[in-house]
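Undergrad: This is the structure I have questions about; it appears just below.
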Amino acid sequence: MGSNSFISGQWVLPDSSRAAAEDLPPAYRCRHLTDKPSVMGSAASTPEAPATNGHAEEAAHAAAEPLLGGHHPSKPFDLRATFSAPLAVLCAVFLALFFVFVRYPELTATDAHVTQYYMFYIHVAIMIYVGFGFLMTFLRRYSYSAVALNFLTSAVVMLEGIFFIGLVQQMVFGPKRSFIELDLPLMIDSAFAAGAAMISFGAVLGKTTPAQITWLLVMQVPIYAFNAYLVTEVLGALDIGGSITIHAFGAYYGLAASLVLAPPASGGGHPKNSASYTSDCFAMIGTIFLWIFWPSFNGALASGTPGTLAPGPFQQFNCVINTVVSLLGAAVAAFVASSAVHGKLDMVHVQNATLAGGVAIGSAANMMVGPGGALAVGVAAGLLSTLGYAYIMPCLEAKIGLKDTCGVHNLHGMPGVLGGLVAAIVAAAKPEANAPVLKFSGHTQAVYQVAGLAANVAIALLGGTIAGLLTKYIDPARQSLDTDDLFEDACFWEEVEPEKPHGHTGAAIDVE
């Protein structure tokens, strides 16, 4: 064969034997380069199997767009019209909004505003810009875009979040001012909005142009702001650490958008949807930063929580202790489950499932969960997340075509739902001990907790679907990524050369 071919749901690289392909360094081989059926979908996992379960459309699409070493090079991208110009317009809009609506708060000489909040803001910002940024550098050909677009879009979302969260909290509801007071709690809230956006980014990582991901996340911010107010203020759900409104919302918004935006050949079998030894090490930097600073994420706003009888230091103490213990449990459980799945550790599990305890304890972080309860939540979250990566994620891709690059469903979606339910259980089981932080009686609080969780997931799915459709079909530049361009930095960065064929061909690579 003179170019790559797609046969029975597999990429077949030309003119060499499987043995030659197996000689490639592991860092450059797709994980599915084996004789065994692909874990990312069994319907098209053997050369003899017909393309089924939606793979026929994928095969037809992919056959027209050869991968690595084909005759059609990646088309050139010019970001000036599609990215630079719209981003400049967006910046001008932010300038106008800030000049017209945003003001400093009126602080007195005795206000310890910076002392109370600035350390927590710094910790949350490190999580957003360093933690999430480096966690997404695991893709061997997409590290520049992962960390840099994380930087850009987080900044854009924070600017937009200051306006929309301030609009909801201070102008539409709350004191109903004619302007927005920019204080540190609002800055932290805007950083939380960026956290939700980066979770959504993880679901579509490597599958969109810079302009597409920017607009997808820009559309998310007003939905996030109104959803958070609905869940926590109107329905009265407890969510101090954002299990519901940050993690579950960000995950299901991104997953819904991925179902709409992800190209057919962008699944786990794409040769560039893989890590190298070095890129996985860099991703672990993000994991460690997130793991260390997560207690600050869950407790950043606990010191000034309005409408409760419990003093701030009491709530922050609970947030810190509960989160640390839950993270410890998740770390141990993730290693146990990962090594039990296939007899060896998997870096994907270690990078992600070890963090699930921080997600799952979030809604109940300021409650009297108890050290044993916090540990149980962490262990359950670590196990759930690991099993999600090992079994649930491949099943969802095979059955419904859900292509989740970072596995946000396993780290943020399911643990976020678990976190909302944990708060409901603790409220119902220990109403007296948690009376200072409850908004209703124990069982009533549990009902509103479940209602808020359900509304949150529904809004996220609907919002992500609509935003995905708008991003896909209302695109003046009409630029999209060919199969070769998926998970590839060379399309957008001057310093990056396109990947060259390694000279070993003839091996089948699943594209699910």
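Read in my numbering, the sequence shown has 381 at position 381, and its numbers run on one by one without any break. We put the CB at the ideal spot given by N, CA and C, even for glycine.
Measuring only the C-alpha atoms, how far is Leu-97 from Ile-162?
TA: The straight-line gap from Cα to Cα measures roughly 10 Å.
Undergrad: State the DSSP-derived secondary structure class of Leu-139, mapped to helix, strand or coil.
TA: If DSSP states are grouped into helix, strand and coil, Leu-139 belongs with the strands.
Undergrad: Which residues mark the beginning and the end of the alpha helix (DSSP H) in which Asp-280 is found?
TA: Run containing Asp-280: 277-299, per the alpha helix (DSSP H) assignment.
Undergrad: When you compare only the Cα positions, how much space is there between Lys-472 and Arg-140?
TA: The straight-line gap from Cα to Cα measures roughly 26 Å.
Undergrad: Do you know whose CA, among Trp-493, Gly-131, Val-114 and Glu-106, lies nearest Ser-303's CA?
TA: Nearest C-alpha to Ser-303: Val-114.
Undergrad: For the putative contact between Val-377 and Gly-357, defined by C-beta atoms under 8 Å, what is the C-beta separation to the nearest angstrom?
TA: Sure, about 7 Å apart at Cβ, within 8 Å.
Undergrad: From the DSSP output, in three-state form, read off Arg-103 for me.
TA: DSSP places Arg-103 in strand when its eight states are reduced to three.
Undergrad: Just to confirm before moving on: does the CB-CB distance between Ile-128 and Ser-145 stay below 9 Å?
TA: Not closer than 9 Å, so no.
Undergrad: Is the separation between the beta-carbon of Ile-240 and that of Ala-196 shorter than 9 Å?
TA: In this structure, Ala-196 does not lie closer than 9 Å to Ile-240 by Cβ.
Undergrad: Looking at Thr-483 and Ala-203, is the spacing between their C-beta atoms short of 9 Å?
TA: Not a contact, by the Cβ cut-off of 9 Å.
Undergrad: For Ile-126, name the three-state secondary structure that DSSP assigns.
TA: DSSP places Ile-126 in helix when its eight states are reduced to three.
Undergrad: Check Glu-432 in the structure and name its three-state DSSP category.
TA: Note: Glu-432 maps to coil in three-state DSSP.
Undergrad: Tell me, which residues are paired with Glu-181 by DSSP?
TA: Bridge partners of Glu-181: Arg-103.
Undergrad: Find out if the Cβ-Cβ distance for the pair Phe-164, Pro-222 is shorter than 9 Å.
TA: Yes, the pair counts as a contact, with Cβ atoms nearer than the cut-off.
Undergrad: To the nearest whole angstrom, what separates the beta carbons of Gln-169 and Tyr-229, a pair I think is in contact under 8 Å?
TA: Indeed, because the Cβ distance is near 7 Å, the residues count as touching under 8 Å.
Undergrad: Who are the near neighbours of Ser-296 in its chain, counting only those whose CB is closer than 6 Å to its CB and skipping five residues on each side?
TA: Cβ within range, chain order: Phe-120 and His-123.
Undergrad: What's the C-alpha gap between Ser-338 and Thr-287?
TA: Each residue's Cα considered, the two are about 16 Å apart.
Undergrad: Should Thr-110 be labelled buried (16 or more other beta-carbon atoms within 10 Å of its own) or exposed?
TA: By the neighbour-count rule (16 or more Cβ atoms within 10 Å), Thr-110 is not buried but exposed.
Undergrad: Rounded to the nearest angstrom, how far is the Cβ of Met-367 from that of Asn-318, given a contact under 8 Å?
TA: Right, their Cβ atoms sit about 7 Å apart.
Undergrad: Using the C-alpha atoms, what's the distance from Ala-333 back to Ala-380?
TA: In a straight line, the C-alpha of Ala-380 is about 8 Å away from that of Ala-333.
Undergrad: Relative to the C-alpha of Lys-207, which candidate in Asp-189, Ile-188 and Pro-264 has its C-alpha closest?
TA: That would be Pro-264, whose Cα lies nearest to the Cα of Lys-207.
Undergrad: Would you tell me roughly how many angstroms separate the C-alpha atoms of Val-260 and Pro-313, rounded to the nearest one?
TA: So the alpha carbons of these two residues sit roughly 45 Å apart.
Undergrad: Helix or strand or just coil, what does DSSP make of Tyr-369?
TA: Checking the sequence shown, residue 369 turns out to be Val, not Tyr. Reduced to three states, the DSSP call for Val-369 is coil.
Undergrad: With a cut-off of 8 Å on the beta carbons, I'd call His-443 and Ala-428 a contact; round off their distance for me.
TA: The Cβ separation is near 5 Å, so the contact holds.
Undergrad: Could you give the first and the last residue of the continuous alpha helix (DSSP H) run that contains Asn-352?
TA: That run of the alpha helix (DSSP H) goes 347-352.
Undergrad: DSSP on Thr-153, reduced to helix/strand/coil?
TA: Three-state DSSP puts Thr-153 in a helix.
Undergrad: Could you work out which residue in Cys-491, Ala-112, Asp-489 and Ala-423 is closest to Gly-373 when comparing CA atoms only?
TA: Of the candidates Cys-491, Ala-112, Asp-489 and Ala-423, the one whose C-alpha sits nearest the C-alpha of Gly-373 is Ala-423.
Undergrad: Please classify Asp-346: is it buried, with 16 or more other beta-carbons within 10 angstroms of its beta-carbon, or exposed?
TA: Its Cβ being crowded by 16 or more others within 10 Å, Asp-346 is buried.
Undergrad: Leaving aside the five residues before and after Asp-183 along the sequence, list all residues of the same chain whose C-beta is less than 6 Å from its C-beta, in chain order.
TA: Excluding sequence neighbours, Asp-183 sits near Pro-105.
Undergrad: Around the Cβ of Trp-215, are there at least 16 other Cβ atoms within 10 angstroms (buried) or fewer (exposed)?
TA: Under this definition Trp-215 is a buried residue.
Undergrad: Quick one: grab the DSSP three-state call for Leu-496.
TA: The question names Leu, but residue 496 in the sequence shown is Val. Of the three classes helix, strand and coil, the one that applies to Val-496 here is coil, per DSSP.
Undergrad: In whole angstroms, give me the CA-to-CA distance for Ser-441 and Leu-235.
TA: Their backbone Cα atoms lie some 14 Å apart in a straight line.
Undergrad: Taking the CB atoms as reference points, tell me whether Leu-290 and Leu-149 lie closer together than 9 Å.
TA: Going by C-beta atoms, Leu-290 is not nearer than 9 Å to Leu-149.
Undergrad: Among the residues of its own chain, which have a CB less than 8 Å from the CB of Ile-213, if the five just before and after it don't count?
TA: Here the set comprises Leu-149, Thr-153, Phe-201 and Val-204.
Undergrad: Where does Ser-363 land, buried or exposed, given buried means 16+ other C-beta within 10 angstroms?
TA: Buried, by the Cβ-count rule.
Undergrad: Alpha carbon to alpha carbon, how far is Ala-435 from Met-414? Give it in angstroms, no decimals.
TA: For Met-414 and Ala-435, the distance between alpha carbons rounds to 27 Å.
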